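Below is one structure, written out as structure tokens, with a few remarks after it.
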Amino acid sequence: MSETVQIPSLKHDGTIPAYVTRPAGPPKAAIVVIPEIFGVNPGIRQKADKWAAAGYLAVAPDIFWRFAPGVELNPDVEAELNEAFGYFQQYDAADGVYDIESAIKWIRHDAGIAKVGCTGYCLGGRLAYMAAARTDVDASVGYYGVMIDTMLDEAHHIAKPLMLHIPTADHLVAPAAQAAIHAALDDHPRVTLHDYAGLDHGFAAEMGDRRDEAGAQLADARTEAFLKEHLA
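Structure, rendered in structure tokens:
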């Protein structure tokens, strides 16, 4: 069962629309599904629905709600891709962390689920890293997160498990940035890094031209096992 709910912002600047989908039985735990720069589009809703089918409450917040509420974009359409990059330029990632924290609080207090994890993609992957460093989320997973290399000074704040999926041919995360992430996080006791040789940004998208089937299935299997372990 799915619905759109309004989650009060901890910044007290409005309410965050979120796509919420529920499992058939009592939830094992909850997953915050953090979108790419394309909004809560069909691919993100499908990811949330998969988590619900696996027994989790899934919550996908609209991270662009302050200036482009309800936007849904297709990365395979050039005009929509460019529109998404425009939103990325005006987006404040610090607001995104407040929104994730708001979702976590709503899940724990209103939905009554204590254990909360998150998965994020692209910009959402960066936010998953930031959530691991700045919130009390129980476990986080980031796919092809952008600009993480600029925030490695926050790594010492990571107190709960974090997994990052890194495609080595990511055209948005340069080899030097990937090397910096490995140098800073390879020995971190709470961080797990997985490289995907030759794969590009967006390889785990649910649909469209970017998806690599074998890579997506491998990364998603690792994510499911990781969250199952740490949200038990």
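Just so we're aligned, residue 2 is where the sequence shown starts under our numbering, counting upward by one.
The C-beta atom is built at its ideal place from N, Cα and C for all residues, glycine as well.
All values derive from a computational prediction rather than experimental measurement.
Please name the residue, chosen from the options, that lies closest to residue i on a Cα-to-Cα basis.
i      : options                       : result
Ala69  : Asp188, Ala222, Phe86, Asp210 : Phe86
Arg135 : Phe227, Asp96, Glu225, Ala25  : Asp96
Gly71  : Ile182, His110, Leu194, Gly40 : Gly40
Tyr88  : Ile108, Arg67, His195         : Arg67
Leu200 : Ser3, Ser10, Glu4, Pro168     : Pro168
Met2   : Ala19, Leu219, Pro24          : Pro24
Asp137 : Ala160, Leu124, Ala156        : Ala160
Alpha carbon to alpha carbon, what distance is there between residue j and residue i?
i      : j      : result
Lys48  : Asp188 : 30 angstroms
Ala94  : Leu186 : 21 angstroms
Ala215 : His13  : 43 angstroms
His183 : Met152 : 13 angstroms
Ala205 : Ala112 : 29 angstroms
Ile105 : Ala30  : 11 angstroms
Glu225 : Asn83  : 32 angstroms
Lys229 : Asp139 : 11 angstroms
Val99  : Ser10  : Val is not the amino acid found at residue 99; the sequence shown has Tyr there. Computed Cα separation, rounded: 7 angstroms.
Val174 : Asp63  : 24 angstroms
Write down the C-beta distance between residue i and residue j rounded to the nearest angstrom, noting that I regard them as a contact closer than 8 angstroms.
i      : j      : result
Tyr145 : His172 : Contact doesn't hold; Cβ gap of about 10 angstroms is too wide.
Thr120 : Val142 : 5 angstroms
Only counting the same chain, and skipping five residues up and downstream in sequence, which positions put a Cβ closer than 7 angstroms to that of residue i?
i      : result
Ile45  : Val34, Pro36, Ala61
Ala170 : Gly199, Leu200, Asp201
Leu128 : Ile35, Ala94, Gly97, Val98, Ile101, Gly121
For residue i, which residues in the same chain have their Cβ closer than 6 angstroms to its Cβ, ignoring the five residues on either side in sequence?
i      : result
Ala59  : Thr22, Ile32, Val34, Ala49, Trp52, Ala53
Met164 : Val142, Thr193, Phe227
Looking at the unbroken alpha helix (DSSP H) that takes in residue i, where does it start and where does it end?
i     : result
Val98 : 94-110
Locate the beta strand (DSSP E) running through residue i, then write down its first and last residues.
i     : result
Ile64 : No beta strand (DSSP E) holds Ile64; DSSP gives it neither H nor E.
What does a CB cutoff of less than 8 angstroms around residue i pick up in its chain, not counting 5 residues either side in sequence?
i      : result
Ala181 : Asp150, Leu153
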